[in-house]
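For the sequence shown, the residue numbers in my numbering are 3 to 256. Heads up, the beta-carbon is just placed ideally off N, CA and C, and yes, glycines get one too. From a predicted model like this one, the values you see are computed outputs, not experimental measurements. Worksheet: the structure to be examined is printed underneath.
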Amino acid sequence: MSVAGPLLFARYAYPPNALGYCGPADHDALLGYGTAGVVDTGLRDLAKGFEGAWPYLELIARANAISDPLDKRVVEAYWVGNALLDRVGPRLFADSLDDRFRRRAGRTFDRIAAPLAAGGVPHHSFHVFAVYPWVGLMRSGSIEQPLQVIDQCRIRWGHVEAVEGDRVAVRSRPLIWTGGRLILGEPRREVARAAIDGVGFVSGLAAGDWIALHWDWVCDRLDARRLAQLRAYTGRHLAIVNSAAYPAPAAVLA
């Protein structure tokens, strides 16, 4: 069953919003929209309150001549990945990052510009790996907490092994830090939240499903195409930040 763009945004945006990391304070409203399947101006207003994600949606839409930043194709491009990302020219992307971050980053802005010049695109993984400070902190020797945050903050894929009430047992590949590089480790088992009192974003989950995870929540069921895209864009940005001459910025800029 197809999911409207604003609802898809709510699914992926809710987990960090519920933890107080980004977006408007009313996370219960976002959860309500995402689970009830209602699209109205209230949901659109909530989406615009995500100062990290919303400018990327506007950028992707503008570059692809799409009038609505919450068009499903645009939302999918940012969170999961699709061909719209590669139609965002490097100059347009650079100008957007410059407008958003140069003043706050100051002399460290080149640490964002370098991954962009190496082929970065406006995918959520670019923001997590190249804009947030976690990679820079790990390169400076602080590993444990930044690694945990960056692994949960990225959109990661997992294979459902069992459904246990409101939770699912999933096999996924965690990020690990080794030899000054951020890479995907061997698959391991984790438990994620699929619902609250039986109400969640994805119905009918079963062993064998591939899913998208953000923080501790199941956000989406992935078909083969979207699974491949999420893997590809994640791998692309891991390779870029691992080869960058600069660490990521040392301060949160979102």
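Open item on the list: Please tell me whether residue 172 and residue 166 are closer than 8 Å, where the distance is taken between their beta carbons.
Closed with: Contact: no.
Open item on the list: According to DSSP, simplified to helix, strand and coil, what is residue 119?
Closed with: Here residue 119 sits in helix by DSSP.
Task: C-alpha distance - residue 66 paired with residue 89, whole-angstrom precision - done: Roughly 7 Å between the two C-alpha positions.
Task: Pairwise C-alpha distance: residue 130 and residue 254 - done: Low per-residue confidence applies at residue 254: pLDDT is 48, beneath 50, and the placement is therefore not dependable, though the value from the model is reported in the following sentence. Near 10 Å, if we compare the C-alpha coordinates of residue 130 and residue 254.
Task: Option in 153, 193, 201 with minimal Cα separation from residue 186 - done: Nearest option by C-alpha distance: 153.
Open item on the list: One question on the structure: do residue 132 and residue 145 come within less than 8 Å of each other, judged by their Cβ atoms?
Closed with: The answer is no: Cβ separation not under 8 Å.
Task: Limits of the alpha helix (DSSP H) - the one that residue 242 falls within - done: Note, residue 242: alpha helix (DSSP H), 226–245.
Task: DSSP bridge partner residues for residue 222 (one or two, in chain order) - done: 214, per the DSSP bridge assignment.
Task: Cβ-based neighbour list, residue 238, same chain, cut-off 6 Å, excluding 5 preceding and 5 following - done: Scanning its chain for C-beta atoms nearer than 6 Å, with the 5 sequence neighbours on each side dropped, one finds no residue around residue 238.
TODO: Assuming residue 223 and residue 193 form a contact by the criterion Cβ under 8 Å, report the distance between their Cβ atoms to the nearest whole angstrom.
DONE: No, residue 223 and residue 193 are not in contact; Cβ-Cβ is about 18 Å, not under 8 Å.
Task: Residues bridged to residue 7 [DSSP beta-bridge criterion] - done: Beta-bridge annotation (DSSP): residue 7 is not paired with any residue.
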